Each structure stands twice: as structure tokens, then as C-alpha cells.
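Taken in order, the sequence shown gives residues 3 to 116; the numbers are from my numbering.
What follows is a short report on a single structure.
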Amino acid sequence: DPVEWRCWARETSTDWWDRIVLQVWDESQWLRNFRMRKCTFMELCELLSPALKRQDTRMRAALTIQKRVAIALWKLATPDSYRSVANQFGVGKSTVGVAVMQVAHAIVDLLLPK
Numbered sequence: 003d004p005v006e007w008r009c010w011a012r013e014t015s016t017d018w019w020d021r022i023v024l025q026v027w028d029e030s031q032w033l034r035n036f037r038m039r040k041c042t043f044m045e046l047c048e049l050l051s052p053a054l055k056r057q058d059t060r061m062r063a064a065l066t067i068q069k070r071v072a073i074a075l076w077k078l079a080t081p082d083s084y085r086s087v088a089n090q091f092g093v094g095k096s097t098v099g100v101a102v103m104q105v106a107h108a109i110v111d112l113l114l115p116k
């Protein structure tokens with residue numbers, strides 16, 4: 003009998019981030035949830051991009067810089083668990099932890115010296 007093959011990646015939804023936050027939210031929603039305006043968020047992403055750029059692999063596309071920064075800010079700004087943030091953004095729990103650390107290191111390395 004052939005062995006059933008299963009993909010190791012879970013199906014997740016990124017609709018909330020891709021279609022709601024980025025395209026629909028107004029300034030008050032950005033301020034309330036991310037503690038900054040969308041234009042400030044985009045500027046922060048641009049400043050952190052040298053440290054946060056990642057390459058796509060054959061297995062999956064890299065998270066965008068914007069999504070990585072948003073995950074980190076959301077985790078730091080709310081009492082939400084890693085699991086809740088992961089479900090909110092359609093990523094794995096470990097991805098949330100990695101994003102928080104990468105963004106924190108990027109802030110220290112790139113913005114603290116200024």
C-alpha cells in the first residue's frame with residue numbers, strides 16, 4: 003500500500019492582514035491597534051528593512067517586512083498569546099516569536115544608534 007503523503011505546513015488565512023488591515027483600516031484603527039499611523043508604520047518598516055529582508059525559498063515565500071513588523075508590534079502592544087497572534091496573522095506560533103526577536107534586534111541595531 004502506498005504511504006499517504008502529508009504536507010508539513012498547515013493551511014492558514016492571511017485575509018485579515020492582507021485584505022482588512024492593509025486595505026480597509028482607517029487612521030483611527032491603525033492608531034488604536036498599532037499605536038501609530040499607517041504612514042509611520044510604513045516609515046518604520048522602511049527604516050528596519052536592511053535588517054529584515056529575507057529571501058523566498060522553494061518551500062514558501064518569506065514574510066513581508068510589513069507583516070513581520072506588524073506581528074511584532076501586535077505582540078508587544080497587546081496581552082495576546084503567541085497562539086492568538088499566530089492565528090490573527092495566519093502564521094505559526096514560532097514565527098511570531100522569531101518576528102518579535104528579529105524586529106527587536108533590528109530596532110536596537112538600526113535605530114538605537116541614531
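Every residue, glycine too, gets a C-beta built ideally from N, C-alpha and C.
Computed from a predicted structure; not experimentally measured.
- Query: Between the stretch 31–38 and the stretch 99–106, do three or more beta carbon pairs fall short of 8 angstroms?
  - Reply: no
- Message: When you compare the CB positions of residue 47 and residue 68, do they come within less than 7 angstroms of one another, or not?
- Response: yes
- What do you reckon, are the CB atoms on residue 106 and residue 54 nearer than 7 angstroms? no
- Message: Please list the terminal residues of the continuous alpha helix (DSSP H) segment that includes residue 122.
- Response: The chain is shown only over 3 to 116; residue 122 falls outside these bounds and no answer can be derived.
- Message: For a quick check, are the C-beta atoms of residue 76 and residue 93 less than 7 angstroms apart?
- Response: no
- Message: Within a Cβ cutoff of 7 angstroms, which residues of the same chain sit near residue 33, ignoring the five residues on either side of it in sequence?
- Response: 39
- Per-residue DSSP class, three states only, for residue 24: coil
- Have a look at 28, 44, 73 and 49 and flag the residue whose alpha-carbon is nearest the alpha-carbon of residue 114. 49
- Quick one: what does DSSP say residue 1 is sitting in, helix, strand or coil? No information on residue 1 is available, as it lies outside the stretch 3 to 116 that the chain covers here.
- Task: Could you have a look at residue 94 and say whether DSSP puts it in helix, strand or coil?
- Result: coil
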